[in-house]
Amino acid sequence: MSWDDPETAQADLVILRATWDYPERLDEFLRWAGSMRNLLNPLPVVRWNTDKRYLNDLAAAGIPTVPSTFFAPDEPVVLPDGELVIKPAVAGGSRGAGRFTCPEAARDHAEALQDEGRTVLIQPYDPRVDVHGETALVFLNGEPSHAFTKGALLPPPGAAAEVDESGLFHSERLAPVKPSSALWKFGASALAAAATKSGIAMAELLYARVDVIGGVHDDDPRLLELELVEPSLGWRQLETEERDLAQRKFVIGVDEALERLGLGPLGQHRRG
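Shown next, in the form of structure tokens:
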């Protein structure tokens, strides 16, 4: 069901999964989210995580992140040296993102985004992505579940991006992976900081994906993104048995949320 379907107003609980058009309709989406009786992930998380300026909050909490600088539409853009990634602060699927070595092209892209009324995010390009990609750590109910790698999404400067069959998103090369306990601990620390910032317990996060650069072949993991609204959870990358186990964890998380919200059998009995 689409998030803007009028029937969602009748739901006791809405679980967000594929709201991929929210960046173009953010104000409308957040008004809708605020009107729902109950939401998973919870409303404070959604409000915070739909804008990539959450990276500043996580960095302030001591989480090693890819250095990120933001420029509002009315602010002059200051470009650091080196190869850069420039993208909107509110976006999904690498839409509006570009990789630049030419300062003039980088500035033109940033200012074009600003002309559309969008806040710009500028990050240094981490070349480890070209070799090892990103590691996506999936958590269910605040606990580690499974992980997969993602190849570099952004083509080199001047090259055309590959898109998926929808024509809307950059193509992804995914593969399952077994991260070290140290990398899982890194992901959990980012998730704990996000939960604290949102005023909830980690276990209240039904799903989460922590995207990390590095930390597999070196000791310098960096948080690239923390996806708490509509992440792909990589079900297709799992073998049948592991996928069944992970999806059972997801269902258990929904059941626990229903009880926590007074919507499960015990809650209904109390209301009766």
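Numbering-wise (numbering that gives the first Met the number 0), the sequence shown opens with residue 0 and increments by one.
Note that CB positions come from ideal geometry on N, CA and C, so glycine has one too.
Grouping DSSP H, G and I as helix and E and B as strand, with all else coil, what is Thr239?
Helix at Thr239.
Residues in the same chain with beta-carbon distance under 6 Å from Gln236, minus the five sequence neighbours each way, listed in chain order, please.
Excluding residues within five positions, the ones whose Cβ falls inside 6 Å are Phe147, Leu173 and Pro175.
In the structure shown, what three-state DSSP assignment does Pro5 receive?
helix
Name the one or two DSSP bridge partners that Lys149 has.
Glu133 and Leu173
Considering only their Cβ atoms, is the gap separating Asp125 from Val76 smaller than 9 Å?
Taking a C-beta distance under 9 Å as the contact criterion, Val76 and Asp125 do not qualify as a contact pair.
Excluding five sequence neighbours on each side, which residues of the same chain lie with their C-beta closer than 7 Å to the C-beta of Arg52?
Phe69 and Ala88
Could you check the C-alpha separation between Trp183 and Asp217 for me, to the nearest Å?
14 Å
By Cβ distance below 6 Å, which residues in the same chain neighbour Val13 in space, the five residues on each side in sequence not counted?
Thr7, Met35 and Leu38
Going by beta carbon distance, what residues of the same chain come within less than 6 Å of Gly141, once the five residues before and after it are set aside?
Met201, Ala202 and Leu204
Any idea which residues DSSP pairs Pro83 with across the strands?
As written in the sequence, residue 83 is Leu, which differs from the Pro given in the question. Paired residues: Phe99 and Pro123.
Using DSSP with H/G/I as helix, E/B as strand and the rest coil, what is Val211?
strand
The alpha helix (DSSP H) that contains Thr195, what's its start and end?
Ser180 to Ser197
Per DSSP, which residues does Leu13 bridge with? Please list them.
Just to set this straight, residue 13 is Val in the shown sequence, not Leu. Beta-bridge pairing links Val13 to Leu38.
Grab me the residues of His131's own chain with a C-beta within less than 7 Å of its C-beta, minus the 5 sequence neighbours each way, in chain order.
Val215 and His216
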